[in-house]
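Notes follow the structure.
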Amino acid sequence: MTSKSRTQTTFAPPVMEARRWLEGVEFPADRPLINVSQAAPIDPPPAPLIAAMGEALADPATHLYGPVLGMPELRTELAQHWSAHYGANVAAENIAITSGCNQAFAACISALCGEGDEVLLPTPWYFNHKMWLDMSGVTTVPLPTDDELLPQVATAASLITSRTRAIVLVSPNNPGGKEYPAEILRGFFDLARAHGIKLIVDETYKDFDSRSGAPHDLLNAPEGRDTLIQLYSFSKAYRLTGHRVGAIIADEALLPEVEKFLDTVTICATQLGQRAALWGLRNLGQWVAGERDEILDRRAAIADNMPRLEAKGWKLLGLGAYFAYLEHPFAESSAQLAPKLVAEAGVLTLPGTMFMPETDPRGARQFRFAFANVNRAEIGTLFGRLEALDWPVACQGTREGATALASKGLAQ
């Protein structure tokens, strides 16, 4: 029997799969497509940043390989930014620059895990994390969240084995939108520390957290640096998605292992992207604050419109960062309903089944709506289209049965 390749052991990229639902569908001018499927800004960077990037193109060094762990100036600037935001002492030696935050995650897992090791991922999970674990030969251990989409330390403790190498948290969360309370993050930190494993906190959306100041104080723990790994992306804050610039903030002892991975995959992140990120850190603080205000207003618009859907049986499970995570009232699975939303409502979004293990029935009742590219008026239009759906609704017994099944499965 022919064995499967590493890529064959995981599923197709969800966003690419969803885009195929658009094939052959025409959207009239008075009812254009509302695309809430992907968490990425579609507008270009601000004009001053584009101008700075144009100037950078004239520098011959922009077109050459750079240091594998990133431009020294960018590492230093991000360390200063991180130190100020978290009230901690972070040095350039704690920073690695990567080709996007997905690569930051891949590099950390490659540095930490061997064949058959285990990593805990809260469900619903960020699907690219699951895909990389599959392709790395690392076992994903689903960590079920509670009714508020929050992971619990006691549940995680029961899942740790001698093969566990890390717990991964995303806060603000993708896909659930939850901002994890500081006490939950501290509890997971203490759990990881007690077991000698790593706590990886993906903070891609930290610039859009609704809370003021640092969301946790984990970097202030004297023993924190060799337990905590933070991941970051410049893509969202500065609209640099196509330039692929991310970062790892970790104990400097980890970085030589990260360097091996980066050197064999990309050698270094793009020099133009790194220069853009550096300029952004130095010059765009107020602009990013305005972007945050706009995202928070769109978040508020979701909350303002929710009563319309709640009257139809929908439930808001999580809201924050770029995401609203909803439970729908219909009889069919979200996997079947998502393509129907394109054809019948002109809405492209992702079903909860893309964020859950196949054995967890909760995903069939859920959708993720990424609202970063729809303004307050467009959110009202989106909710109007969802409110108008006339699909068969699941009976109460069916919904309760699915919830009971999910609870039973998660308890085993």
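Counted from 1, the sequence shown has number 1327 at position 123 by the numbering used here; the numbering is strictly sequential.
Glycine residues also receive a C-beta, built at the ideal position from the N, C-alpha and C atoms.
Same chain, Cβ closer than 8 Å to Leu1226, five either side skipped, listed in chain order
By one-based count along the sequence shown, residue 1226 stands at place 22. Leu1237, Val1546, Leu1552, listed in sequence order.
Run through DSSP, which three-state label would Thr1344 get?
Translated into the one-based positions of the sequence shown, residue 1344 becomes position 140. In this structure, Thr1344 counts as strand in the three-state DSSP scheme.
Validate contact between the segment 1488-1497 and the segment 1255-1274 using beta carbons, cut 8 Å, 3 pairs:
no
The segment 1322-1332 / the segment 1352-1364 touching (three or more Cβ pairs under 8 Å)
yes
Compare the C-alpha of Arg1448 against each of Lys1440, Ala1454, Val1294 and name the closest.
Position 244 of the sequence shown, counted from the start, is the residue given in the question as residue 1448. Of the candidates Lys1440, Ala1454, Val1294, the one whose C-alpha sits nearest the C-alpha of Arg1448 is Lys1440.
For Gly1417, count neighbouring Cβ atoms within 10 angstroms of its own Cβ and tell me buried if that reaches 16, exposed if not.
Stepping through the sequence shown from its first residue, residue 1417 is reached at position 213. Its Cβ having fewer than 16 others within 10 Å, Gly1417 is exposed.
For Tyr1261, the first and last residue of its enclosing beta strand (DSSP E)
For the purposes of this step, residue 1261 is taken as the residue at position 57 of the sequence shown. Looking at the sequence shown, residue 1261 is not Tyr but Leu. From DSSP, Leu1261 is part of no beta strand (DSSP E) but of the alpha helix (DSSP H) over 1251-1261.
Could you tell me which whole alpha helix (DSSP H) segments of length 4 or greater appear in the segment 1272-1359?
1276-1290, 1305-1316, 1331-1339
By the 10 Å Cβ neighbour count, where 16 or more other Cβ atoms means buried, how is Ser1314 classified, buried or exposed?
The count along the sequence shown starts at 1 and reaches residue 1314 at position 110. Ser1314 comes out buried.
Span of the alpha helix (DSSP H) around Gln1540:
For this step, residue 1540 is matched to residue 336 along the sequence shown. Secondary structure note for Gln1540: its alpha helix (DSSP H) is the uninterrupted segment 1538-1549.
Check whether the Cβ atoms of Thr1474 and Leu1435 lie closer than 8 Å to each other.
Numbered from its first residue, the sequence shown carries residue 1474 at position 270. Numbered from its first residue, the sequence shown carries residue 1435 at position 231. Contact: no.
Work out the CA separation of Trp1483 and Leu1261 for me, nearest whole Å.
Within the sequence shown, numbered from 1, the residue matching residue 1261 stands at position 57. Within the sequence shown, numbered from 1, the residue matching residue 1483 stands at position 279. Taking the straight line joining both Cα atoms gives about 14 Å.
Go through its chain and collect everything with a Cβ distance to Thr1585's Cβ below 8 Å, but skip five positions before and after it.
Position 381 of the sequence shown, counted from the start, is the residue given in the question as residue 1585. Ile1238, listed in sequence order.
Are Leu1253 and Gln1478 touching if we call contact CB-CB under 8 Å?
To locate residue 1253, count along the sequence shown from 1; it is residue 49. To locate residue 1478, count along the sequence shown from 1; it is residue 274. No; because the gap between Cβ atoms is not below 8 Å, this pair is not in contact.
According to DSSP, is Tyr1436 part of a helix, a strand, or is it coil?
To locate residue 1436, count along the sequence shown from 1; it is residue 232. Residue state, collapsed to three classes: strand.
Out of Trp1518, Leu1513, Ala1480, Ala1525, which has the shortest C-alpha to C-alpha gap to Asp1497?
In the sequence shown, the residue the question calls residue 1497 occupies position 293. Ranking Trp1518, Leu1513, Ala1480, Ala1525 by Cα distance to Asp1497 puts Ala1525 first.
Straight-line CA distance for Thr1211 to Ala1244?
Against the sequence shown, residue 1211 aligns to sequence position 7. Against the sequence shown, residue 1244 aligns to sequence position 40. One C-alpha to the other measures close to 24 Å.
Under 8 Å between C-beta atoms of Ile1364 and His1333:
Residue 1364 sits at position 160 when you count from the first residue of the sequence shown. Residue 1333 sits at position 129 when you count from the first residue of the sequence shown. The answer is no: Cβ separation not under 8 Å.
Take Ala1358 as the anchor and find which of Glu1387, Phe1392, Pro1376 has the nearest alpha-carbon.
Position 154 of the sequence shown, counted from the first residue, corresponds to residue 1358. Of the candidates Glu1387, Phe1392, Pro1376, Phe1392 places its Cα closest to the Cα of Ala1358.
Taking the straight line between their C-alpha atoms, what separation do you get for Thr1343 and Glu1319?
Here residue 1343 is taken as the residue at index 139 of the sequence shown, counted from 1. Here residue 1319 is taken as the residue at index 115 of the sequence shown, counted from 1. If I take the Cα positions, the gap works out to 9 Å.
Check whether the Cβ atoms of Pro1249 and Leu1444 lie closer than 8 Å to each other.
Against the sequence shown, residue 1249 aligns to sequence position 45. Against the sequence shown, residue 1444 aligns to sequence position 240. Less than 8 Å separates the beta-carbon of Pro1249 from that of Leu1444.
Selected residue, minimal CA-CA separation from Ser1340, among Ile1583, Thr1214, Pro1232, Thr1468:
Translated into positions along the sequence shown, residue 1340 becomes position 136. Of the candidates Ile1583, Thr1214, Pro1232, Thr1468, the one whose C-alpha sits nearest the C-alpha of Ser1340 is Thr1214.
For my contact list, Leu1466 and Ala1265 are in at a C-beta cut-off of 8 Å; report their separation, rounded to the angstrom.
Your numbering for residue 1466 matches position 262 in the sequence shown. Your numbering for residue 1265 matches position 61 in the sequence shown. About 19 Å; that fails the 8 Å criterion.
Just the Cα atoms here: how many angstroms apart are Trp1518 and Pro1511?
The count along the sequence shown starts at 1 and reaches residue 1518 at position 314. The count along the sequence shown starts at 1 and reaches residue 1511 at position 307. In a straight line, the C-alpha of Trp1518 is about 9 Å away from that of Pro1511.
Cα-Cα separation, Pro1217 to His1285
Within the sequence shown, numbered from 1, the residue matching residue 1217 stands at position 13. Within the sequence shown, numbered from 1, the residue matching residue 1285 stands at position 81. Rounded to whole angstroms, Pro1217 to His1285 spans 33 Å at the Cα level.
Does the distance from the C-beta atom of Phe1331 to that of Phe1527 stay below 8 Å?
Along the sequence shown, one-based indexing puts residue 1331 at 127. Along the sequence shown, one-based indexing puts residue 1527 at 323. Not in contact: Phe1331 and Phe1527 (Cβ atoms no closer than 8 Å).
Other residues of its chain near Ala1504: CB distance less than 7 Å, five sequence neighbours each side excluded
Here the question's residue 1504 lines up with position 300 in the sequence shown. Result list for Ala1504: empty, nothing under 7 Å.
For Phe1587, which of Pro1596, Phe1575, Val1597 has the nearest alpha-carbon?
Locating residue 1587 in the sequence shown gives position 383, counting from the first residue. Looking at the Cα atoms, Phe1575 is the closest of the given residues.
Rounded to whole angstroms, what is the Cα-Cα separation between Asn1298 and Asn1424?
Along the sequence shown, one-based indexing puts residue 1298 at 94. Along the sequence shown, one-based indexing puts residue 1424 at 220. Whole-angstrom Cα-Cα distance: 14 Å.
Could you tell me the alpha carbon to alpha carbon distance between Glu1221 and Cys1472, rounded to whole angstroms?
On the sequence shown, position 17 is the one that residue 1221 refers to. On the sequence shown, position 268 is the one that residue 1472 refers to. In a straight line, the C-alpha of Glu1221 is about 29 Å away from that of Cys1472.
For a test of the three-state rule: what should DSSP assign to Gln1478, helix, strand or coil?
Walking along the sequence shown from the start, residue 1478 turns up at place 274. Of the three classes helix, strand and coil, the one that applies to Gln1478 here is helix, per DSSP.
Tell me which same chain residues have a C-beta within less than 7 Å of the C-beta of Ala1598, skipping the five on either side of it?
What you label residue 1598 is simply residue 394 of the sequence shown in a count that begins at 1. Take Ala1598, set aside five residues on each side of it, and the residues of its chain with a beta-carbon closer than 7 Å to its own are Pro1533, Phe1534, Ala1535, in chain order.
Endpoints, the beta strand (DSSP E) within which Val1462 is located
For this step, residue 1462 is matched to residue 258 along the sequence shown. No beta strand (DSSP E) holds Val1462; the alpha helix (DSSP H) holding it covers 1459-1469.
Going by DSSP, what residue range makes up the beta strand (DSSP E) through Arg1634?
Any question about residue 1634 goes unanswered here, given that the chain covers just 1205 to 1616.
Assumed close pair Ser1538, Arg1589 - CB separation to whole angstroms, cut-off 8 Å:
Within the sequence shown, residue 1538 is the residue found at index 334, counting from 1. Within the sequence shown, residue 1589 is the residue found at index 385, counting from 1. Actually they are not in contact, since the Cβ atoms of Ser1538 and Arg1589 sit about 16 Å apart, beyond 8 Å.
Around the Cβ of Lys1378, are there at least 16 other Cβ atoms within 10 angstroms (buried) or fewer (exposed)?
For the purposes of this step, residue 1378 is taken as the residue at position 174 of the sequence shown. Contrary to the premise, residue 1378 reads as Asn rather than Lys in this sequence. With 16 or more other Cβ atoms within 10 Å, it is buried.
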